[in-house]
Amino acid sequence: MAFIDGTVVNVALPALQKNLQATAIGVQWVVEGYSLFLSALLLVGGSLGDHYGRKRIFLVGVFLFSVASIWCGLAPNIGQLIVARAVQGIGGALLVPGSLAIISASFPTEKRGKAIGTWSGFSAITTAIGPVLGGWLIEHVSWRAVFFLNLPLAAAVILITWRRVPESHDRNVTGRIDWLGALLATVALGGLTYGLIESSRLTPFSLPVISAIVIAVVSLVAFVFVEASVQSPMLPLKLFRSRNFTGTNLLTLVLYFALGGGLFFLSLNLIQVQGFSATAAGAAFLPFVVIMFVLSRWSGGLIAKYGPRPPLIIGPILAATGYGLLALPGVNSGYWPGLLSSESPADWIGFFPGVVVLGLGMAISVAPLTTTVMSSVSQEQAGVASGINNAVSRAASLLAIAVLGVVMLQVFSRELEFRFTSIDIPEVTRTGLYQQRIKLAAVDVSGELDVKSREAIQQAIKESFVSGFRIVMLIAASMALGGALVAWLVIEKGNAPGAGESKEK
3 MAFIDGTVVN
13 VALPALQKNL
23 QATAIGVQWV
33 VEGYSLFLSA
43 LLLVGGSLGD
53 HYGRKRIFLV
63 GVFLFSVASI
73 WCGLAPNIGQ
83 LIVARAVQGI
93 GGALLVPGSL
103 AIISASFPTE
113 KRGKAIGTWS
123 GFSAITTAIG
133 PVLGGWLIEH
143 VSWRAVFFLN
153 LPLAAAVILI
163 TWRRVPESHD
173 RNVTGRIDWL
183 GALLATVALG
193 GLTYGLIESS
203 RLTPFSLPVI
213 SAIVIAVVSL
223 VAFVFVEASV
233 QSPMLPLKLF
243 RSRNFTGTNL
253 LTLVLYFALG
263 GGLFFLSLNL
273 IQVQGFSATA
283 AGAAFLPFVV
293 IMFVLSRWSG
303 GLIAKYGPRP
313 PLIIGPILAA
323 TGYGLLALPG
333 VNSGYWPGLL
343 SSESPADWIG
353 FFPGVVVLGL
363 GMAISVAPLT
373 TTVMSSVSQE
383 QAGVASGINN
393 AVSRAASLLA
403 IAVLGVVMLQ
413 VFSRELEFRF
423 TSIDIPEVTR
433 TGLYQQRIKL
443 AAVDVSGELD
453 VKSREAIQQA
463 IKESFVSGFR
473 IVMLIAASMA
483 LGGALVAWLV
493 IEKGNAPGAG
503 ESKEK
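Following the numbering used here, the numbering of the sequence shown begins with 3 at its first residue and continues without gaps.
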């Protein structure tokens, strides 16, 4: 459920942007509202599971997520949709760390890598099948139906969990839940995200933007001090004494920054620029999911043979190559490679090779990454470790969409202004169109324009978006390469330690 909603909404964004008359900033907040509370409260979700029972908290999260999904599907405007997505994020923060912690508590060390690999594979399936089903529903029913996909899943999950999943706790846990830390983390991430996103609508040095950034920084510093002093911190800083734990979380940060931002803008590119239907745009990710599913269990066992470093270096390098390939197609590209599909050599490659190589890179990375994280701490701290790593990945996506959104809008605005100078239209029309730039490729070109001028304007908008998209993909590739560098410099050689052999000693 949580992984479906992390990707299916990307396919729905153009439809809800049109139907709810939302700006690009509005649809950013539809994604960010969910990611903000999910990433900020995942650590509390892990701690709650350790305190009160992972099965119990997992079930509460599933129920809350389901109720919020109904609210999303019935939301009458963009404001209510954003709030409902935030509630979804709270539910996700309770169920995501519980799922992985339950697995870690249920399997012995020698089987845990393959078990987590299977978990990663099925997570990948839902991550990519969600947009395909969602795309079909968007075309044939409504974007609202996308959120109702969660309800039959929730019913099945509650039944299976209630009957088959054993309860587990951290017997060594003491003290109270770190609610102050959770509040400071939410304010820090929220302030930073607000400042970055609103800097596109306002200016980088406007009072609201500067105030939000200052509040975020102060909250972040206070968060570190609180976590170092409370009895039961939701982010135990001592865990970072382990090189593997620190290195894998740094790698998670940069790798999921690239993935979250890249997939967000790829969906917009396919639908609004390339003219893909919602179903076709969702299906475009199927090679990614098939590769993830087929290889995740295998890659989960690589650590036993080669240790964590090799797959965590090779995987991000391949992912970076995939982003580089996705940066090549222009406005008139198809999905499949074809030397005769376009006059421009850059368009010959299509999007398919980039999706395949990216999927291969992530498949090699994800299961070893997760296994190394979980193996670098004791079994009693599995819930906290799972929460930290999931929080890092979600926070990375949260920050990626905010940061890359600023980059995209700046490049798009500059390119659009330049291209408009060569189109013979009235100045008032040019100014009105440029003022809509915050909608990115969804700029409304209706009005009293001849066919030739309208086509020229639409082409300029698409080319401007592609220019920004290429910069975004190159940034994503750089971040993935940075992840490979982190693995090389920080991750220890040899096999990852098993549970109970935490390196923090």
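Ideal placement from N, C-alpha and C gives every residue a C-beta, glycine not left out.
Check, Outcome
"Looking at the structure shown, is M3 part of a helix, part of a strand, or coil, going by DSSP?", "coil"
"Check whether the Cβ of Y36 lies closer than 7 Å to any Cβ atom in chain B.", "The structure shown contains no chain B, having only a single protein chain."
"Would you please state the rounded distance, in angstroms, between the beta carbons of G55 and E169? I believe it to be under 8 Å.", "5 Å"
"Write down the C-beta distance between A478 and G183 rounded to the nearest angstrom, noting that I regard them as a contact closer than 8 Å.", "Not quite, the Cβ-Cβ distance comes to about 30 Å (not below 8 Å), so this is no contact."
"When DSSP labels each residue in this structure, what does Y54 get in the three-state scheme?", "helix"
"Quick check for students: name the residue ranges of the alpha helix (DSSP H) that lie wholly in the stretch 352–419, counting only runs of 4 or more.", "354–377"
"Do the stretch 309–319 and the stretch 360–369 make contact, defined as three or more Cβ pairs closer than 8 Å?", "yes"
"What is the rounded straight-line gap between the Cα of L418 and the Cα of W350?", "25 Å"
"In or out: I463 buried (at least 16 other Cβ within 10 Å) or exposed?", "buried"
"Rounded to the nearest angstrom, what separates Y308 and V375 at their Cα positions?", "16 Å"
"Nearest-angstrom Cα distance between R243 and D446?", "53 Å"
"For K454, does the count of other Cβ atoms within 10 angstroms reach 16, so buried, or fall short, so exposed?", "exposed"
"Could you check the C-alpha separation between I199 and E112 for me, to the nearest Å?", "45 Å"
"Quick check on L239: buried or exposed, where buried means 16 or more other Cβ atoms within 10 Å of its Cβ?", "exposed"
"I'd like the list of long-range same chain contacts for V89, defined as Cβ closer than 6 Å, with 5 residues on each side in sequence excluded.", "A70"
"In whole angstroms, give me the CA-to-CA distance for G284 and L40.", "23 Å"
"Whether or not the stretch 133–148 and the stretch 11–19 are in contact is what I'm after, with contact meaning three or more pairs of Cβ atoms, one per stretch, closer than 8 Å; do they touch?", "yes"
"With 16 other CB atoms within 10 Å as the buried threshold, where does N576 fall?", "Nothing can be reported for residue 576, as the shown portion of the chain is limited to 3 through 507."
"Determine the contact status of V474 and S202, defining contact as a CB-CB distance below 7 Å.", "no"
"Between the C-alpha atoms of A190 and I105, what's the straight-line distance to the nearest angstrom?", "31 Å"
"Give the secondary structure of W350 by DSSP, where H, G and I count as helix, E and B as strand, and everything else as coil.", "coil"
"Count the other C-beta atoms from every protein chain shown that fall within 10 angstroms of the C-beta of L342, then say buried if there are 16 or more, exposed otherwise.", "Confidence at L342 is low in this model, with a pLDDT of 49, below 50, so its placement is unreliable and the value that follows should be read with caution. By the neighbour-count rule (16 or more Cβ atoms within 10 Å), L342 is not buried but exposed."
"Do you know how far the Cα of L400 is from the Cα of T250?", "19 Å"
"Could you have a look at N21 and say whether DSSP puts it in helix, strand or coil?", "helix"
"According to DSSP, is R245 part of a helix, a strand, or is it coil?", "helix"
"What did DSSP end up calling Y325 once you bin it into helix, strand or coil?", "helix"
"Would you identify the three-state DSSP class for N271, choosing helix, strand or coil?", "helix"
"Do you know how far the Cα of L268 is from the Cα of A402?", "13 Å"
"Relative to the ligand SAH, is the shortest distance from any of its heavy atoms to the C-beta of Y36 smaller than 6 Å?", "Only the bare structure without any ligand can be found here, which leaves the ligand SAH out of the picture."
"I believe M481 touches F266 by the beta-carbon criterion, under 8 Å. Please report the beta-carbon distance rounded to the nearest angstrom.", "Their Cβ separation, rounded to whole angstroms, is 14 Å, which puts M481 and F266 out of contact at 8 Å."
"Which runs of the alpha helix (DSSP H) fall wholly inside the stretch 411–483 and span at least 4 residues, in chain order?", "429–436"
"Whole alpha helix (DSSP H) runs in the stretch 54–128 with 4 or more residues, listed along the chain?", "56–76 and 80–108"
"Quick check: the Cα distance between A282 and F225, rounded to an integer number of angstroms?", "44 Å"
"Does the beta-carbon of V98 have 16 or more other beta-carbons within 10 angstroms, so that it is buried, or is it exposed?", "buried"
"Could you give the distance in angstroms between the alpha-carbon of A24 and the alpha-carbon of A398?", "24 Å"
"When the Cα atoms are used, what is the spatial distance from W73 to P310?", "42 Å"
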